[in-house]
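Chains as they are written, first to last, in the numbering used here: chain A, 1 to 409; chain B, 1001 to 1409.
Protein chains: 2
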Amino acid sequence: MVKINPNFLKLQGNYLFAEIARFVKEYTEANPDKKVIKLGIGDVTEPLNPTVIAGLNEGVAEMSRRETFQGYPPYEGFDFVREAIAKNDFADRGINISKDEIFVSTGAKEDTANFQELFSTDMRIAITDPVYPVYLDTNVMSGRGGDFANGRYTNVTYLDCNAENNFIPAIPTGKVDIIYLCFPNNPTGQVATKAQLTKWVEYAKANNALILFDAAYEAFIREPDIPHSIFEIPGARECAVEFRSLSKTAGFTGTRFAYTIIPNDVMITDETGAKHQLNKIWVRRQATKFNGVSYIIQKGAAAVFTSEGQIQVKKTIDYYLENTKIIGAGLSKLGISYTGGKNSPYIWLKTPNNMGSWEFFHKLLNEANVVGTPGVGFGKCGEGYFRLTGFGARANIEEAMERFAKLKF
Amino acid sequence: MVKINPNFLKLQGNYLFAEIARFVKEYTEANPDKKVIKLGIGDVTEPLNPTVIAGLNEGVAEMSRRETFQGYPPYEGFDFVREAIAKNDFADRGINISKDEIFVSTGAKEDTANFQELFSTDMRIAITDPVYPVYLDTNVMSGRGGDFANGRYTNVTYLDCNAENNFIPAIPTGKVDIIYLCFPNNPTGQVATKAQLTKWVEYAKANNALILFDAAYEAFIREPDIPHSIFEIPGARECAVEFRSLSKTAGFTGTRFAYTIIPNDVMITDETGAKHQLNKIWVRRQATKFNGVSYIIQKGAAAVFTSEGQIQVKKTIDYYLENTKIIGAGLSKLGISYTGGKNSPYIWLKTPNNMGSWEFFHKLLNEANVVGTPGVGFGKCGEGYFRLTGFGARANIEEAMERFAKLKF
C-alpha cells in the first residue's frame, strides 16, 4: 500500500507565501475595484536590463540554428557563466573561489531546499528565528524536525533574533551540526559585520559544523565594511557553503538563475570517520537529480556579470533602495520603529500597539489594500513584527505610505 | 559533527551518463583529430522550431518592459501553458485531465527524481531491468535500496526485461507499493499495448499501489493502437501519475521544460489509515522547494502546443525516426538483432559474439569513434546489450553506420 512520507504531516500549515497569496486572491476577488499594492512576497517589479535582454536574445537566436544549437547543459553550468561569476563575485573582491566550486541552478530556494539531502537525518540544525521558512520546512520534510510543541520543533535549535540582540543571533552554547545564516537577512534586513561572522566561522571549525550561508541579498549592501560573502572570513573555505541568486540582484525572480559555492576544502564525515569532499557529493546529487539550467537563461545570466550589466544592476537596486528609504521615512513619521532597509530590500517593523502579526496583515490588506508579510510567519520571534519590501514602482510605494498614514490604530 | 547521508554511499559508481561523458572527454583529448559521433546520451541535435523561437522571443520582449514584466511564476505553471497541455495532450485525445492536475517543471529527470520524496521510506519500489538510472538511484539516495549484493539492491523488486519476454516486464507475484514504468521504453525502445498497461492498472488497484509512468517519448509513437498516456487506461486516474517532457518532443534538452500529471483521484494513506490527495502533497512539496519555471521558457513551451507548433514538432521527430530506420537497416545487414526504433528514438541491440556492454562501448569508441550507451549501465539484464539513438544529423548517422560496418568482431 502506498503510504505518505510521515514527515510531511509534521509541517505546520501551508507554505507561508502560498498562504498569503490565497488571502490576497480572496480579497481581490471579493473587491475587484480596489487597487492592492503588494509589498509582501518580495517580488521585483523593474524589467530585465538591456544587457540581460541582449544576452537572452542571443541565446534564443543560437537555439534556432543547428550550428549553435545547445542540447543538455552541463549539470554544474556552462564554463562561460561560472568563469564570469568567479571573476566578478569573488576574484575582483580578492576572494579565492574557482570555477569548479560554483554550481548553477534555477533558484536559491531550490538549492537551499535540496542541500540538506546530502546530510544524515540525525544532524542537528540551527536556524535563526525569524527565518526564511524554506530552511526549516525542508528539514522537517526530511525528518530533522522532531515533534512540534509550543510553536517549535523539538529537534531544532532556534537562534532568537529580537530587538534585545539587535536581530543578530548569539552563538549557540550547545553543539549543532548545520547552521543556516542569511545576511543581509530575510526577513529582518539586518546585516552582519566581519567580526560577527568570524565568530560563526570559529564556532563551525571548533565543532566540525557546517555554515549554509544565504547571500541572496548581498547586492543591496552599500556600507563599505559589511562582508558580501562568507568567504571574506578567514577559514570559511573549510566550513561554509554559500547560496547566491540573480532574483533580487538582477530581477530574475521570473527568469530563474542562482548559484551555489562549495569550496573544495569542505570535508564531511561518514559513520566510519572517513572524510568526503562535500563538493563531490553535491556533484553526485546534481548529476542524478538535475539536468542543468536552460542555455538561454545562462546566456542572460552571464550578461549580468559584464561591466555594462553591473552598472545597470546597480542602478535598479539603487531604485529599490530609494523605495526602502521612503518606506522607512514614512514609518518614522508615524512613530513606528523598524530595522533593515539600508543594505537590504526589507523593512522589519514593530507593529503599532503590539498588534499581532496576522491581525496587522488583515488590517493592512482590508483598510489600506497593502500586502505585507506577517512576521510570525517567519517564526515565533516574529510575532508582533511585519515585513515590507522596497520592491515596487515608486508611485506605488508612495501611495502605500500615504494609505499607511491614514490607518487608525 | 556534520555527517554525510549514509544512503549516498550505497550508490554504485557514478551517474551513468556522467561516466560516459568522462570516457568520451578522455578519448577526444587524447585524439583531437578524430571526429567522434555521439549516439550515446540521447541528446537532440535539431534546432528549436520557428514557432517555439517566436514564443521565446515574445517572452524575452515582455520581460524587457515594465507593463509586461513577470516576477515569480506560479509554482504549478502559468495557466496559459497548463491549459494548452490539457487540451493538446489530453482533451483532444479524449482523455479527462484538467489544468489543476498538471504541474510544470524544468525537467522530467527532476520530477521523476523528486517524486519519491512524497512517500514513506519503507515503500517497496519495483523497477524494470534495464531501467533509466534516475528512478533507482534517487530511491537508493532516500534509503529505499537496502544493501547491494550480486549486482542488485536487496529491497528493490526488479522486473526483468529480456528477449524471452520481448522486453515487456511481467506483473510481480508479490506486493510492491510503487511501480516505475516507461513506455516507449528507455532504453529498449519497446512499447506497451493497451492490454499490457491494463494489467498494470489492475495490479495497482488491487494492491493499492501507485504507477509512476514516464511518457517522455510518447511523441515518437507512430502505430495507431499504442497508448500515448497511461490515462488512456480505465482506472488509471486512481492509481497513476504521468511524467511528460518537451526534451525529446520538441528539442528542449537544452531549453528545459517538462510536466507531471497527478489526477485528483489518486489518494494515498498515512500511518493511521487516513487518506490524502496526492495532488495536494505535491503542491506542498513544490511550494516549499521550487519556484517555478522561467516565464520565457513557458512562453516557448506553450508554442509547442499550437497547431503550427505540432506540425513542426512532428516533422522533426519524423526526421529522427528516419535516422533510427537507417540505424536499424544497417544493423540488420550486419546480422545484429535489435528492438525499438519504430515508435522510439532508441535502438537496443544485442552485442555481437555476446561481447560485454562496456567492452563493446570501448571498441566502438576506439575503433569507430562512435559513442553509444552500454546496456549494463541500465541494469544487470542489460549486459550484452547496447543502446543507440536516432538523434543526430543524417550525415552523421550514415557515417556512423558505415564505420560500424567496417568493425571486425
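Where a beta carbon is used, it is the ideal one built from N, C-alpha and C, also for glycine.
Everything numeric in this text was worked out from a predicted model, so none of it was measured.
Out of curiosity, what's the CA-to-CA distance linking Leu1349 (chain B) and Tyr1217 (chain B)?
Sequence index remark: in the second sequence, residue 1349 (chain B) carries index 349 (1-based). Sequence index remark: in the second sequence, residue 1217 (chain B) carries index 217 (1-based). Rounded to whole angstroms, Leu1349 (chain B) to Tyr1217 (chain B) spans 19 Å at the Cα level.
Check the Cβ-Cβ distances between Tyr1015 (chain B) and every residue of chain A, and say whether any is below 9 Å.
For this step, residue 1015 (chain B) is matched to residue 15 along the second sequence. At a cut-off of 9 Å between beta carbons, Tyr1015 (chain B) contacts chain A.
Taking the DSSP output, what are the residues bridged to Ser1245 (chain B)?
On the second sequence, residue 1245 (chain B) is found 245 positions in, with the first residue counted as 1. The partner list for Ser1245 (chain B) (beta bridge, DSSP) reads B:Ala1258.
DSSP on Tyr320 (chain A), reduced to helix/strand/coil?
If you number the first sequence from 1, residue 320 (chain A) lands on position 320. Here Tyr320 (chain A) carries a helix assignment [DSSP, helix/strand/coil].
Specify whether the segment 1110-1121 of chain B and the segment 1132-1140 of chain B touch according to this definition: at least 3 beta carbon pairs, one from each stretch, less than 8 Å apart.
Contact holds: three or more Cβ-Cβ distances are below 8 Å.
Cβ neighbour criterion (16 or more within 10 Å) applied to Asp1033 (chain B):
For the purposes of this step, residue 1033 (chain B) is identified with residue 33 of the second sequence, where counting begins at 1. That one is exposed.
For Ala287 (chain A), return the contacting residues in chain B, with the cut-off set at a CB-CB distance below 8 Å.
Here residue 287 (chain A) is taken as the residue at index 287 of the first sequence, counted from 1. Neighbours of Ala287 (chain A) on chain B, chain order: Asn1014, Tyr1015, Phe1017 and Ala1018.
Reducing DSSP to helix, strand and coil, say where Tyr1203 (chain B) ends up.
Position 203 of the second sequence, counted from the start, is the residue given in the question as residue 1203 (chain B). Helix, per DSSP.
Answer yes or no: does any C-beta atom of chain B fall closer than 9 Å to that of Ile297 (chain A)?
Numbered from its first residue, the first sequence carries residue 297 (chain A) at position 297. Output row for Ile297 (chain A): interface = yes.
is_contact[Tyr27 (chain A), chain B] using C-beta, thresh 9 Å:
What you label residue 27 (chain A) is simply residue 27 of the first sequence in a count that begins at 1. Not an interface residue.
Are the beta-carbon atoms of Thr389 (chain A) and Thr324 (chain A) separated by less than 9 Å?
Counted from its first residue, the first sequence places residue 389 (chain A) at position 389. Counted from its first residue, the first sequence places residue 324 (chain A) at position 324. Cβ atoms of Thr389 (chain A) and Thr324 (chain A): closer than 9 Å.
Please name the residue in B:Cys1161, B:Phe1243, B:Val1313 and B:Pro1234 whose C-alpha comes closest to that of Lys1194 (chain B).
Here residue 1194 (chain B) refers to the residue found at position 194 of the second sequence. For the residues B:Cys1161, B:Phe1243, B:Val1313 and B:Pro1234, the minimum Cα distance to Lys1194 (chain B) belongs to B:Pro1234.
Buried or exposed for Lys1003 (chain B), please, with buried defined as at least 16 other CB atoms from any protein chain shown within 10 angstroms of its CB.
Working through the second sequence from its first residue, we reach residue 1003 (chain B) at position 3. That one is buried.
Indicate whether Glu238 (chain A) and Lys205 (chain A) have their beta-carbon atoms separated by less than 9 Å.
In the first sequence, counting from the first residue as 1, residue 238 (chain A) sits at position 238. In the first sequence, counting from the first residue as 1, residue 205 (chain A) sits at position 205. A distance below 9 Å separates the beta carbons of Glu238 (chain A) and Lys205 (chain A).
From what residue to what residue does the alpha helix (DSSP H) around Ser1357 (chain B) run?
Position 357 of the second sequence, counted from the start, is the residue given in the question as residue 1357 (chain B). Segment Ser1357 to Lys1363, the alpha helix (DSSP H) holding Ser1357 (chain B).
Could you have a look at Leu1011 (chain B) and say whether DSSP puts it in helix, strand or coil?
Within the second sequence, numbered from 1, the residue matching residue 1011 (chain B) stands at position 11. If DSSP states are grouped into helix, strand and coil, Leu1011 (chain B) belongs with coil.
CB Tyr1385 (chain B) to CB Pro1187 (chain B), shorter than 9 Å?
In the second sequence, the residue the question calls residue 1385 (chain B) occupies position 385. In the second sequence, the residue the question calls residue 1187 (chain B) occupies position 187. Yes, these two residues count as a Cβ contact at 9 Å.
Give, in chain order, every residue of the segment 243-275 of chain A whose Cβ lies closer than 7 Å to some Cβ of chain B.
So the close ones are Thr253, Gly254, Thr255, Arg256, Ile268, Thr269, Asp270 and Glu271.
Rounded distance between the beta-carbons of Thr1255 (chain B) and Gly1189 (chain B), thought under 8 Å:
Here the question's residue 1189 (chain B) lines up with position 189 in the second sequence. Here the question's residue 1255 (chain B) lines up with position 255 in the second sequence. Contact check for Gly1189 (chain B) and Thr1255 (chain B): beta-carbon distance about 24 Å, past the 8 Å limit, so the pair fails to qualify.
Chain A contacts made by the segment 1213-1243 of chain B, where a contact means CB separation under 9 Å:
Listed in sequence order: Cys1239.
Would you list the residues sitting across from Trp348 (chain A) in a DSSP beta bridge?
The sequence position of residue 348 (chain A) within the first sequence is 348, counting from 1. According to DSSP, residue pairing for Trp348 (chain A) in a beta bridge involves A:Thr339 and A:Arg387.
Asn1031 (chain B) at chain A interface by Cβ criterion, 9 Å
One-based indexing of the second sequence puts residue 1031 (chain B) at position 31. Chain A, which has no Cβ nearer than 9 Å to the Cβ of Asn1031 (chain B), makes this no.
Run through chain B and tell me which residues come within less than 8 Å of Asn114 (chain A), C-beta to C-beta.
Here residue 114 (chain A) is taken as the residue at index 114 of the first sequence, counted from 1. Within chain B, the residues near Asn114 (chain A) are Lys1289.
Beta-carbon neighbours of Phe119 (chain A), restricted to chain B and to distances below 8 Å:
The residue labelled residue 119 (chain A) in the question sits at position 119 within the first sequence. Around Phe119 (chain A), the beta-carbon contacts reaching into chain B at under 8 Å are Val1002, Lys1003, Ile1004 and Asn1005.
State the start and end residues of the unbroken beta strand (DSSP E) segment that holds Ile211 (chain A).
Taking the first residue of the first sequence as 1, we reach residue 211 (chain A) at position 211. Per DSSP, Ile211 (chain A) belongs to the beta strand (DSSP E) from Leu210 to Asp214.
Taking DSSP as the reference, what is the three-state secondary structure of Thr154 (chain A)?
Indexing the first sequence from 1 puts residue 154 (chain A) at position 154. The answer is coil: DSSP assigns Thr154 (chain A) none of H, G, I, E or B.
Give me, in chain order, the residues of the same chain whose beta-carbon lies closer than 8 Å to that of Leu16 (chain A); leave out the 5 immediate sequence neighbours on both sides.
For the purposes of this step, residue 16 (chain A) is taken as the residue at position 16 of the first sequence. Closer than 8 Å at the Cβ level, and outside the excluded window around Leu16 (chain A), lie Pro133, Thr373, Gly377 and Phe378.
Quick one: which chain B residues come within Cβ less than 8 Å of Thr410 (chain A)?
Any property of residue 410 (chain A) remains undetermined from this structure, which presents chain A solely from 1 to 409.
Comparing the CB of Asn88 (chain A) with every heavy atom of the ligand FMN, is any distance shorter than 8 Å?
You won't find the ligand FMN in this model; it holds no ligand whatsoever.
Anything in chain A within Cβ reach of Ile1281 (chain B), meaning under 7 Å, just list it in chain order.
Within the second sequence, residue 1281 (chain B) is the residue found at index 281, counting from 1. By Cβ distance, chain A contributes Ile4 and Phe8.
Would Ser1307 (chain B) and Ile1261 (chain B) be called neighbours here (beta carbons separated by less than 9 Å)?
In the second sequence, residue 1307 (chain B) corresponds to position 307, counting from 1. In the second sequence, residue 1261 (chain B) corresponds to position 261, counting from 1. Against a cut-off of 9 Å, the Cβ pair of Ile1261 (chain B) and Ser1307 (chain B) comes out as no contact.
Near-chain A residues of the segment 1177-1189 of chain B (beta-carbon distance less than 9 Å), N- to C-terminal order:
Residues of the segment 1177-1189 of chain B whose Cβ lies closer than 9 Å to any Cβ of chain A, in chain order: Asp1177 and Ile1178.
Leaving out five residues on either side along the sequence, give the residues of the same chain with a beta carbon under 8 Å from the beta carbon of Glu1383 (chain B).
Locating residue 1383 (chain B) in the second sequence gives position 383, where the first residue counts as 1. Sequence-distant Cβ neighbours of Glu1383 (chain B) in its own chain, meaning closer than 8 Å and more than five residues away, are Gly1356, Ser1357, Gly1375 and Val1376.
Got a sec: which bits of the segment 97-110 of chain A sit with their beta carbon under 7 Å from any beta carbon on chain B, in order along the chain?
Of all residues in the segment 97-110 of chain A, those with a C-beta nearer than 7 Å to a C-beta of chain B are Thr106, Gly107, Lys109 and Glu110, reading in chain order.
Do the CB positions of Gln310 (chain A) and Asn88 (chain A) come within less than 9 Å of each other?
Here residue 310 (chain A) refers to the residue found at position 310 of the first sequence. Here residue 88 (chain A) refers to the residue found at position 88 of the first sequence. A contact, by the Cβ cut-off of 9 Å.
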